[in-house]
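The UniProt record's numbering puts the first residue of the sequence shown at 1, with every later residue one more than the last.
For every residue, glycine included, the Cβ atom is placed at its ideal position computed from N, Cα and C.
One structure is given below, encoded as structure tokens.
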Amino acid sequence: MRDVLGRWRLSTVVGDLLLVACVAAVTTYLADELPVWGWPGVLYATGPVLTAVVALAATAVLLRRWSAWVALFGAAVLFGVFPATAVALAVVAHTAGARCRPPLRGPVFAVAALLPVGVVLITQPAYRWQYVTVVITILTVLCVAVPALVGALQAQQARLVDALRERAEFLARTRDLERSEARQRERSRIAEEMHDHLGHRLSLIAMYSGALEVAATGQDPELLDAAHLVRSTTRTALDELRQSLGVLRPAGPPAESTEATGTRADVTELVAASRAGGVSVTLDWRGPDLADARVPVRQAVHRVVREALTNVHKHAAGTPVAVTVSSGSSQVTVEVRNGPGGVPRSAGTGSGLVGLRERVRLVAGGLTAGPTADGGFMVTAVMPLTGDGPVAEADADDQAAVPLPTRRRTARLAAALLPVAGLAAVAAMVLTTLAFVPPPAPADHEDPLEDIELGMTPEDVEGWFGPNVPSAEAAALDHEPPWPDDTWCTYVPADDPPDAETVAIFRFCFAEDELVEKTWFEIPVSED
1 MRDVLGRWRL
11 STVVGDLLLV
21 ACVAAVTTYL
31 ADELPVWGWP
41 GVLYATGPVL
51 TAVVALAATA
61 VLLRRWSAWV
71 ALFGAAVLFG
81 VFPATAVALA
91 VVAHTAGARC
101 RPPLRGPVFA
111 VAALLPVGVV
121 LITQPAYRWQ
131 YVTVVITILT
141 VLCVAVPALV
151 GALQAQQARL
161 VDALRERAEF
171 LARTRDLERS
181 EARQRERSRI
191 AEEMHDHLGH
201 RLSLIAMYSG
211 ALEVAATGQD
221 PELLDAAHLV
231 RSTTRTALDE
241 LRQSLGVLRP
251 AGPPAESTEA
261 TGTRADVTEL
271 VAASRAGGVS
281 VTLDWRGPDL
291 ADARVPVRQA
301 VHRVVREALT
311 NVHKHAAGTP
321 VAVTVSSGSS
331 QVTVEVRNGP
341 GGVPRSAGTG
351 SGLVGLRERV
361 RLVAGGLTAG
371 PTADGGFMVT
381 AVMPLTGDGP
391 VAEADADDQA
401 AVPLPTRRRT
411 ARLAAALLPV
421 AGLAAVAAMV
431 LTTLAFVPPP
441 APADHEDPLE
451 DIELGMTPED
461 VEGWFGPNVP
471 SAEAAALDHE
481 PPWPDDTWCT
491 YVPADDPPDA
501 ETVAIFRFCF
511 AEDELVEKTW
521 FEIPVSED
């Protein structure tokens with residue numbers, strides 16, 4: 001029940017009200033047009049009957065929200081009696097097709113398709129059943145099978161879109177997690193390097209203060225106390241540094257970092273190692289060496305060149321690579337460019353570039369990476385040689401974080417107009433079907449009593465034409481031919497259009513429960 005109520009949002013209510021209004025309008029229009037096409041008159045709906053038919057059609061459309069099958073069977077029966085409700089049947093069949101899943105879909109729609117035919121066989125005069133059954137069968141295919149198939153396909157497409165959206169959201173969360181882990185790994189490496197370098201400096205301070213303490217022993221008590229305080233404080237800072245940054249050390253062997261890391265000799269060695277691995281690499285060093293640059297900057301230069309060359313080995317083996325390092329007075333630029341083509345040896349995750357961005361960001365620099373115009377790939381890092389701290393999180397980290405597409409206004413408008421177009425299409429198909437399947441030719445039905453044979457019982461005749469209609473018997477007074485002697489008669493009106501000037505009356509006369517006369521005559525329609 002909660003699921004049903006959840007569907008009834010304001011937009012749903014307004015949409016259903018508009019849909020009911022369209023169904024009522026199209027049903028009324030078809031009720032006016034069907035007589036023009038010669039549809040059997042017993043199926044006409046006018047005046048209060050038309051109002052009741054429209055109300056039943058609207059009820060079926062609204063009922064489909066609670067029970068699509070009940071609404072479908074009800075609409076099918078109503079369609080068998082009043083074909084003008086074809087649009088209501090199409091709407092309900094569309095909803096039922098969207099909600100029904102195999103294996104119930106086949107049996108349910110088979111029953112729904114047979115119901116109109118069964119209703120026709122029960123309600124129509126026997127001499128018209130062939131024509132009416134053919135037309136009803138065609139319209140049932142158009143109003144049940146086609147809308148149900150469209151509804152099933154749309155529901156399947158909606159489920160597929162939902163599944164793809166969920167998958168895209170899952171991949172986005174996975175990508176964000178991988179990026180976060182990559183940044184964390186890079187920060188762990190940076191913490192390891194900080195621990196090693198800062199620990200080395202503190203150890204030197206402790207050693208120098210210890211030597212100063214030994215030299216001041218017995219000579220200057222104040223200097224001795226100061227040297228002892230410096231040494232003990234340094235030892236305490238070193239222990240705290242190990243406790244704070246030691247836990248951040250990544251798993252695996254420690255990172256190799258020396259005083260030559262990031263210098264021209266170090267980068268030349270990285271390039272030579274790549275050449276030995278089968279990659280054609282050239283190095284273009286512009287400007288002075290980086291031996292006097294900050295340690296984090298040199299480490300970042302080393303990491304950018306090493307990671308870029310590693311990516312070439314993985315994803316573009318065999319392509320030429322150009323490494324350019326431009327150092328100036330205030331900044332250093334590292335550019336690694338490879339040509340198009342190559343043989344990828346493994347699929348990448350992008351975590352390496354995320355780590356590089358994190359490394360460059362922490363020295364207040366910026367990194368860009370992407371394909372080039374000739375089909376290659378280029379990584380560029382620009383880092384200041386002096387700086388106080390990291391810049392804000394770079395947007396480049398989240399270039400792949402493209403928001404999931406949403407339905408545009410035009411798409412929403414098209415979806416809103418689709419039901420209206422569908423109703424118009426159903427109405428057009430109904431009228432087109434009646435145009436291409438005309439009623440029986442007059443020559444074939446000049447004598448509608450041709451199939452009635454003398455000697456039939458009243459039950460046999462009633463099976464063909466129905467029971468006696470008192471109103472027809474009353475209307476036949478003063479217009480009918482004389483009765484045969486010693487007989488009794490029944491009267492049945494013909495299926496003439498409501499706007500006809502005359503009405504045909506069939507008369508069947510029986511003697512000793514056997515048909516002895518069959519005739520028909522026309523009487524004028526009273527204007528009152």
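Where residue i and residue j are concerned, what is the direct C-alpha to C-alpha distance, given to the nearest angstrom?
| i | j | result |
| --- | --- | --- |
| VAL360 | GLU213 | 41 Å |
| residue 530 | ILE505 | Examination of residue 530 is not possible in this model, given that the chain is present from 1 through 528 alone. |
| ALA316 | ALA182 | 22 Å |
| THR85 | GLY151 | 19 Å |
| GLU166 | GLY97 | 24 Å |
| GLY463 | ARG159 | 50 Å |
| THR432 | ARG99 | 29 Å |
| VAL42 | ALA163 | With a pLDDT of only 42 at VAL42, under the threshold of 50, the placement of this residue in the model should not be trusted; the figure read from the coordinates follows. Approximately 50 Å between the Cα atoms of the pair. |
| ALA511 | LEU454 | 11 Å |
| VAL108 | ALA476 | 46 Å |
| VAL325 | THR263 | 10 Å |
| HIS313 | ARG286 | 25 Å |
| TRP520 | PRO458 | 17 Å |
| SER491 | LEU17 | In the sequence as displayed, the identity of residue 491 is Tyr instead of Ser. Whole-angstrom Cα-Cα distance: 45 Å. |
| ILE138 | GLU480 | 39 Å |
| LEU177 | LEU353 | 14 Å |
| ALA21 | CYS509 | 49 Å |
| LYS518 | GLY80 | 30 Å |
| VAL230 | GLY375 | 59 Å |
| GLU522 | ARG507 | 11 Å |
| THR51 | PHE82 | 12 Å |
| PRO221 | GLY210 | 14 Å |
| GLY328 | VAL161 | 53 Å |
Would you list the one or two residues that DSSP bridges to residue i?
| i | result |
| --- | --- |
| ILE136 | Paired residues: none, contrary to the question. |
| LYS518 | PHE508 |
| TYR491 | ARG507 |
| ILE523 | VAL503 |
Just to check my reading of the structure: residue i and residue j have Cβ atoms closer than 8 Å, yes? What is that Cβ distance to the nearest angstrom?
| i | j | result |
| --- | --- | --- |
| MET383 | VAL332 | 6 Å |
| VAL87 | VAL426 | 5 Å |
| VAL120 | ILE136 | 5 Å |
| LEU423 | VAL144 | Wrong, their Cβ atoms sit about 15 Å apart, outside the cutoff. |
| ALA93 | PRO48 | Actually they are not in contact, since the Cβ atoms of ALA93 and PRO48 sit about 28 Å apart, beyond 8 Å. |
| PRO493 | VAL469 | 6 Å |
Hey, could you find the ends of the beta strand (DSSP E) residue i is sitting in?
| i | result |
| --- | --- |
| GLU335 | 331–338 |
| LEU367 | 366–371 |
| VAL379 | 377–384 |
| LEU283 | 281–286 |
Could you check where the alpha helix (DSSP H) with residue i kicks off and where it finishes?
| i | result |
| --- | --- |
| ALA145 | Element bounds for ALA145: n/a, residue is neither H nor E. |
| VAL325 | Counting along the chain, VAL325 falls outside any alpha helix (DSSP H), though it belongs to the beta strand (DSSP E) covering 321–327. |
| ARG303 | 295–315 |
| ARG275 | 264–276 |
| PRO458 | 458–465 |
| PRO470 | 470–475 |
| HIS94 | 86–99 |
| ALA71 | 68–81 |
| PRO116 | 105–123 |
Excluding sequence positions up to five away, which residues of its chain have a Cβ less than 6 Å from the Cβ of residue i?
| i | result |
| --- | --- |
| VAL91 | VAL61 |
| MET456 | LEU515 |
| THR282 | ALA322 |
| PRO371 | PHE377 |
| THR140 | ALA113, PRO116 |
| THR319 | ASN338, GLY339, GLY341, GLY342 |
| GLY74 | ALA60 |
| SER274 | VAL281, LEU309 |
| residue 588 | Only positions 1 to 528 of the chain appear in this structure, which leaves residue 588 out of reach. |
| THR28 | none |
| PRO296 | VAL363 |
Report all residues from its chain with a CB closer than 8 Å to the CB of residue i; omit the five preceding and five following residues, and keep chain order.
| i | result |
| --- | --- |
| LEU202 | THR234, ALA237, LEU238, LEU241 |
| residue 529 | It is not possible to answer for residue 529, since the shown part of the chain is limited to 1 through 528. |
| ALA24 | VAL54, ALA57, ALA58 |
| GLN219 | none |
Closer than 7 Å by C-beta to residue i: which residues in its own chain qualify, once you throw out the five before and the five after it? Chain order, please.
| i | result |
| --- | --- |
| ARG306 | LEU270 |
| ALA216 | LEU223, LEU224, ALA227 |
| THR95 | ARG64, ALA68, GLY151 |
| ASP486 | ALA511 |
| residue 529 | Given that the chain is displayed from residue 1 to residue 528, the structure contains no residue 529 and the question cannot be resolved. |
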